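Student:
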Amino acid sequence: MKRFLIPILLLSCAVAFSQKKTQAAKDPWAGTFKLDVSKSKPIGSPPQEEMVTVTSATKDSIKYTISGKDPAGESYTMNYEGKVGTASPQMEEGKEIAQITYQMPSSHEFTSQGRGSDGSTSTGTITLSKDGKTITVHERNKDAKGAEHDSTMVYVRQ
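What follows is the structure in structure tokens.
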């Protein structure tokens, strides 16, 4: 009986440590977040609804999808997949609308620099709350004519 007890004890410890390591390695950004219009300050009219699904956001790569309905009720879907530190296209309905470069200064923050296909530019800070329940996006945009606009968008984990 003692002969079986030690391997079972070792196996139990190995499983417990393995589960702890897997939980620690989990991407805190991954999940689905819904726009909270009451806490947001968009440029112009807010979308009727918007969801962000983050597949991954790590020091190496970012992948997300944004879907929603604009103020007129028209549906849209935007996708982004790229490496941190490298400009990659943000796509809307299969068409490139911007080139965005993300940096990850900490595990709960990204910064962004973007250039729209219409000549606009943007810089931003994207913060995941410590409890992982909200994402706040602060952006400074400059349209093609040079006018500057600030926006804050708050998304709540679903």
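Per this note's numbering, the sequence shown starts with residue 156, numbered consecutively.
Beta carbons are placed, not taken as given, at the ideal position from N, Cα and C, and that holds for glycine.
Because the structure is a prediction, the values reported are computed rather than measured.
1. Out of 296, 220 and 203, which has the shortest C-alpha to C-alpha gap to residue 249?
2. Using CA atoms only, rank isn't needed, just tell me which of 206, 255, 183 and 197 is closest to residue 189.
3. Whole angstroms are fine: how far does the CA of residue 292 sit from the CA of residue 208?
4. Could you tell me which residues DSSP puts in a beta bridge with residue 244?
5. For residue 198 and residue 246, what's the separation of their Cα atoms in angstroms?
6. Does the beta-carbon distance from residue 279 to residue 258 come in below 8 Å?
7. What would DSSP say about residue 216, mapped onto helix, strand or coil?
8. Give the DSSP-derived three-state secondary structure of residue 300 in the structure shown.
Tutor: A quick look at the data gives this:
1. The residue labelled residue 249 in the question sits at position 94 within the sequence shown. With distances taken between Cα atoms, residue 249 lies closest to 220.
2. Taking the sequence shown and counting its residues from 1, one reaches residue 189 at position 34. Answer by Cα proximity: 206.
3. Taking the first residue of the sequence shown as 1, we reach residue 208 at position 53. Taking the first residue of the sequence shown as 1, we reach residue 292 at position 137. Cα-Cα distance, rounded: 14 Å.
4. Along the sequence shown, one-based indexing puts residue 244 at 89. DSSP output for residue 244 lists 254 as bridge partner(s).
5. Taking the first residue of the sequence shown as 1, we reach residue 198 at position 43. Taking the first residue of the sequence shown as 1, we reach residue 246 at position 91. Looking at the two C-alpha atoms, the distance is approximately 20 Å.
6. For the purposes of this step, residue 279 is taken as the residue at position 124 of the sequence shown. For the purposes of this step, residue 258 is taken as the residue at position 103 of the sequence shown. No, Cβ-Cβ distance for residue 279 and residue 258 is not below 8 Å.
7. Sequence index remark: in the sequence shown, residue 216 carries index 61 (1-based). Looking at residue 216 - three-state DSSP - the assignment turns out to be strand.
8. If you number the sequence shown from 1, residue 300 lands on position 145. Coil, per DSSP.
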